[in-house]
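Accompanying notes for the structure given below.
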Amino acid sequence: RYSVFYNRLKNIEENEGGLDKFSKSYRTFGVNQFVDGGIYCKEWAPGAEAVFLTGDFNGWNPFSHPYKKMEYGKWELFIPPGQDGYPPVPHGSKLKVVIRAQNGELLYRISPWARYVVRDEGKVNYDWVHWNPPQSYIHKYPSPKKLKSLRIYESHVGIASPEGKVASYKNFTYNVLPRIKDLGYNCVQLMAIMEHAYYASFGYQVTSFFAASSRYGTPDDLKEMIDVAHSMGITVLLDVVHSHASKNSEDGLNKFDGTDSCFFHSGPKGTHQLWDSRLFDYANWEVLRFLLSNLRMWIEDYRFDGFRFDGVTSMLYHHHGIGTAFSGDYNEYFGLHVDEDALCYLMLANHMINFLHPECITIAEDVSGMPALCRPVAEGGGGFDYRLAMAIPDKWIQIIKELKDEDWNMGNIVHTLTNRRYEEKYIAYAESHDQALVGDKTLAFRLMDAEMYTNMSVLSPLTPVIDRGIQLHKMIRLITHALGGESYLNFMGNEFGHPEWLDFPRKGNNESYHYARRQFNLTEDHLLRYRFLNAFDRDMNKLEERFGWLASPPAFVSEKHESNKVIAFERAGLIFIFNFHPYRSYVDYRVVIWHSSLIVIFKYKILLDSDAAEYGGHQRLDHSTEYFSEEYPHNYRPNSLMV
42 RYSVFYNRLK
52 NIEENEGGLD
62 KFSKSYRTFG
72 VNQFVDGGIY
82 CKEWAPGAEA
92 VFLTGDFNGW
102 NPFSHPYKKM
112 EYGKWELFIP
122 PGQDGYPPVP
132 HGSKLKVVIR
142 AQNGELLYRI
152 SPWARYVVRD
162 EGKVNYDWVH
172 WNPPQSYIHK
182 YPSPKKLKSL
192 RIYESHVGIA
202 SPEGKVASYK
212 NFTYNVLPRI
222 KDLGYNCVQL
232 MAIMEHAYYA
242 SFGYQVTSFF
252 AASSRYGTPD
262 DLKEMIDVAH
272 SMGITVLLDV
282 VHSHASKNSE
292 DGLNKFDGTD
302 SCFFHSGPKG
312 THQLWDSRLF
322 DYANWEVLRF
332 LLSNLRMWIE
342 DYRFDGFRFD
352 GVTSMLYHHH
362 GIGTAFSGDY
372 NEYFGLHVDE
382 DALCYLMLAN
392 HMINFLHPEC
402 ITIAEDVSGM
412 PALCRPVAEG
422 GGGFDYRLAM
432 AIPDKWIQII
442 KELKDEDWNM
452 GNIVHTLTNR
462 RYEEKYIAYA
472 ESHDQALVGD
482 KTLAFRLMDA
492 EMYTNMSVLS
502 PLTPVIDRGI
512 QLHKMIRLIT
522 HALGGESYLN
532 FMGNEFGHPE
542 WLDFPRKGNN
552 ESYHYARRQF
562 NLTEDHLLRY
572 RFLNAFDRDM
582 NKLEERFGWL
592 ASPPAFVSEK
602 HESNKVIAFE
612 RAGLIFIFNF
622 HPYRSYVDYR
632 VVIWHSSLIV
642 IFKYKILLDS
652 DAAEYGGHQR
662 LDHSTEYFSE
672 EYPHNYRPNS
682 LMV
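For the sequence shown, this note's numbering gives the first residue as 42, with consecutive numbering after it.
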């Protein structure tokens with residue numbers, strides 16, 4: 042695999058003047074304004090017979106501005122500045138690329154490199170708008186340094202408001218970022234930023250790869266949002282979708298030059314049978330240029346600090362993971378069923394990012410467990426910094442759905458939380474946006490269900506269902522945070538047990554925005570119990586910020602007691618003790634401490650207690666108590682203490 046990567050990189054060096062120049066093509070392709078006011082246009086349309094530029098600037102004459110055909114399917118056009126020196130294509134004017142297909146048909150297309158597209162009210166398709174303001178937003182704050190402990194707040198700008206509407210970049214900047222900072226998260230991962238015509242696709246059916254979604258505001262609004270996040274010390278990641286593209290042709294990449302291929306494989310190989318979308322041809326030179334330039338544009342123009350690559354499993358295998366259960370057998374990861382071209386692209390992408398912007402972070406959404414995906418490219422690895430621990434949320438759902446509390450298996454929980462390859466970093470999470478979507482349930486909704494509508498007020502009795510749900514919600518998140526990986530992720534609103542599900546406006550729900558929102562106001566009502574979960578999540582993150590267990594070596598698990606339902610482990614100098622028993626508490630319970638000194642006596646105090654009153658607990662522990670280690674062997678360690 043490394044030799045395939047090396048040969049492709051060598052070809053780029055020899056034929057394109059290096060990876061730096063190759064990935065900088067976003068500055069020359071599409072429509073770009075020169076300093077002297079002239080406009081330089083460049084497209085790749087190998088199947089076109091002729092290419093023209095039309096729009097407001099020429100009265101929509103489809104033939105007045107023809108492109109010149111160049112080598113390898115490229116087309117170029119230069120439009121000189123006007124006599125007054127003004128650019129011939131004004132800022133804010135609408136444009137189209139006109140393609141004469143091989144059958145003679147004229148196709149009106151949006152440039153794949155378009156930076157701004159909008160949909161006018163009452164229209165179905167998006168329009169390409171030339172974005173070149175006289176004064177673009179200037180970033181004021183430097184990007185944060187690469188974080189050791191990554192606490193990620195997964196977010197969607199459009200739903201980040203209690204109101205039933207599409208929220209804006211401005212709303213996120215001034216109302217949501219301060220909340221994220223207060224909760225102790227140091228990273229925000231933004232979904233649905235790359236323009237997508239279908240809002241209900243959650244941003245995963247991308248139509249314009251270089252355009253920030255206009256439904257939330259302008260490109261400058263997004264730049265300001267990222268800049269303000271940086272001023273707070275918050276790292277900003279983009280959920281990038283390079284695994285597939287929307288089938289739209291009028292306002293997407295599909296059939297851009299009139300052929301079935303261009304950016305994609307032709308025939309059945311070029312279509313994802315479950316997602317009904319187009320699949321990139323990663324062996325194609327111009328596809329590599331397009332995708333690598335896309336990554337670089339988001340980093341350099343918008344100042345994103347890295348990416349979460351969506352759908353990596355689909356990219357890695359010719360079967361796209363469809364109907365495949367991965368068991369960990371190495372035959373599943375090496376063979377002709379692996380798409381080496383896609384894997385080579387991911388290696389090139391990570392190599393480019395690490396070479397040009399070493400402070401950036403990359404995350405792989407891979408459910409298969411491909412070995413070495415998060416090892417350096419120089420070792421033959423994929424080059425990612427982190428991968429999502431996707432088995433963890435599935436395990437919690439399976440436990441809650443299928444097992445009584447007294448049947449929970451402590452060993453199985455610990456195995457799932459610790460089952461990861463040594464020196465490959467994992468992002469642990471109890472739930473993400475996947476579990477919040479309509480058709481699924483969040484942990485809070487699974488635990489408390491209909492009683493969330495009637496018994497979340499402190500004025501109503503604390504029923505067994507609500508009591509159990511609140512306590513398990515906190516415990517599940519803390520043990521996942523502390524034991525499950527080298528980073529932690531939470532989807533917006535789930536930290537306080539957001540009620541109900543997430544559903545975007547569509548025909549099936551009468552275009553309603555009722556479920557496409559986040560009711561942050563619930564945490565501000567002191568008569569509601571949501572504030573307890575919110576406070577626990579905040580203090581859990583603040584404690585990690587203080588002690589840095591995510592950046593520490595894996596935990597030492599000293600106990601997973603099946604009958605007592607107790608799990609105990611040590612990480613970053615802290616002892617974590619969980620009692621999952623549904624009705625039994627313990628006094629004088631002995632737990633191991635890692636320190637083996639026979640001379641020094643260690644003193645411990647409670648730092649975080651899910652049973653504390655401020656977190657909706659029963660306040661059964663005295664926080665002034667001091668616990669001392671003693672030379673008393675327990676669970677094969679020489680020292681222990683009583684709690």
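Glycine is no exception: its CB is placed at the ideal position from the N, C-alpha and C atoms.
Quick caveat: nothing in here was measured; it's all calculated off a predicted structure.
ask   = Which partner residues of residue 314 appear in the DSSP bridge assignment?
value = The partner list for residue 314 (beta bridge, DSSP) is empty, contrary to what the question assumes.
key: Reduced DSSP category for residue 276 - H, G, I as helix; E, B as strand; rest coil   = Residue 276: strand per DSSP, three-state reduction.
message = DSSP has residue 347 in a bridge; who is on the other side?
response = 402
ask   = Measuring from the CB of residue 393, is there a heavy atom of the ligand SAM at a distance below 7 angstroms?
value = In the structure on display, the ligand SAM does not appear, and there are no ligands present to speak of.
inquiry  = Ignoring anything shorter than 4 residues, give me the alpha helix (DSSP H) runs that lie fully in the segment 448-474, in order along the chain.
reply    = 451-459
message = If distances are taken between C-alpha atoms only, which option among 417, 144, 120, 97 comes closest to residue 91?
response = 144
request  = Please report how far the alpha carbon of residue 46 lies from the alpha carbon of residue 328, in whole angstroms.
outcome  = 16 angstroms
task = Using alpha carbons as the reference points, say which of 512, 613, 106, 626 lies closest to residue 655.
result = 512
query = Using DSSP with H/G/I as helix, E/B as strand and the rest coil, what is residue 162?
reply = coil
query = Which residues mark the beginning and the end of the alpha helix (DSSP H) in which residue 512 is found?
reply = 505-524
Residue range of the alpha helix (DSSP H) that includes residue 440 = That run of the alpha helix (DSSP H) goes 432-443.
ask   = When burial is assigned at 16 or more other CB atoms within 10 Å of the CB, is residue 175 buried or exposed?
value = exposed
Under 8 angstroms between C-beta atoms of residue 180 and residue 65 = no
Three-state secondary structure assigned by DSSP to residue 236 = strand
Spatial distance of residue 43 from residue 303 (CA atoms) = 27 angstroms
ask   = Among the residues of its own chain, which have a CB less than 7 angstroms from the CB of residue 472, if the five just before and after it don't count?
value = The residues 434, 483, 484, 532, 535, in chain order, have a CB closer than 7 angstroms to that of residue 472 in the same chain once the five nearest residues on each side in sequence are set aside.
key: C-alpha distance - residue 130 paired with residue 552, whole-angstrom precision   = 37 angstroms
query = When you compare only the Cα positions, how much space is there between residue 132 and residue 97?
reply = The alpha-carbon atoms of residue 132 and residue 97 are separated by roughly 11 angstroms.
message = Which of the three DSSP states is assigned to residue 538 in this structure?
response = coil
ask   = Should the segment 81-88 be called in touch with the segment 117-129, which here means at least 3 C-beta pairs below 8 angstroms?
value = yes
ask   = Does the beta-carbon of residue 598 have 16 or more other beta-carbons within 10 angstroms, so that it is buried, or is it exposed?
value = Per the 10 Å Cβ criterion, buried.
message = Counting C-beta neighbours from all protein chains within 10 Å, is the total for residue 470 16 or more, i.e. buried, or is it exposed?
response = Its Cβ being crowded by 16 or more others within 10 Å, residue 470 is buried.
key: Per-residue burial, residue 268 [other beta carbons within 10 Å of its own, 16 or more giving buried]   = Flag for residue 268 reads buried.
inquiry  = I need the straight-line Cα distance from residue 373 to residue 367, nearest angstrom please.
reply    = 7 angstroms
request  = Specify, as a first and last residue, the run of the alpha helix (DSSP H) that residue 572 falls within.
outcome  = 571-588
message = Can you tell me whether residue 104 is buried or exposed? The criterion is at least 16 other CB atoms within 10 Å of its CB, across all chains shown.
response = Exposed, because fewer than 16 other Cβ atoms sit within 10 Å of the Cβ of residue 104.
query = Between the beta-carbon of residue 518 and the beta-carbon of residue 581, is there less than 8 angstroms?
reply = yes
inquiry  = Suppose the cutoff is 7 angstroms on Cβ atoms and the five residues either side in sequence are ignored; what does the same chain contact list for residue 676 look like?
reply    = 599, 600, 633, listed in sequence order.
ask   = How would you call residue 642, buried or exposed, if buried means at least 16 neighbouring beta carbons within 10 angstroms?
value = exposed
query = Does the Cβ of residue 659 have 16 or more other Cβ atoms within 10 Å, making it buried, or fewer, making it exposed?
reply = exposed
task = Please list the segments of the beta strand (DSSP E) lying wholly inside the segment 350-433, counting only runs of 3 or more residues, in order along the chain.
result = 402-405, 427-429
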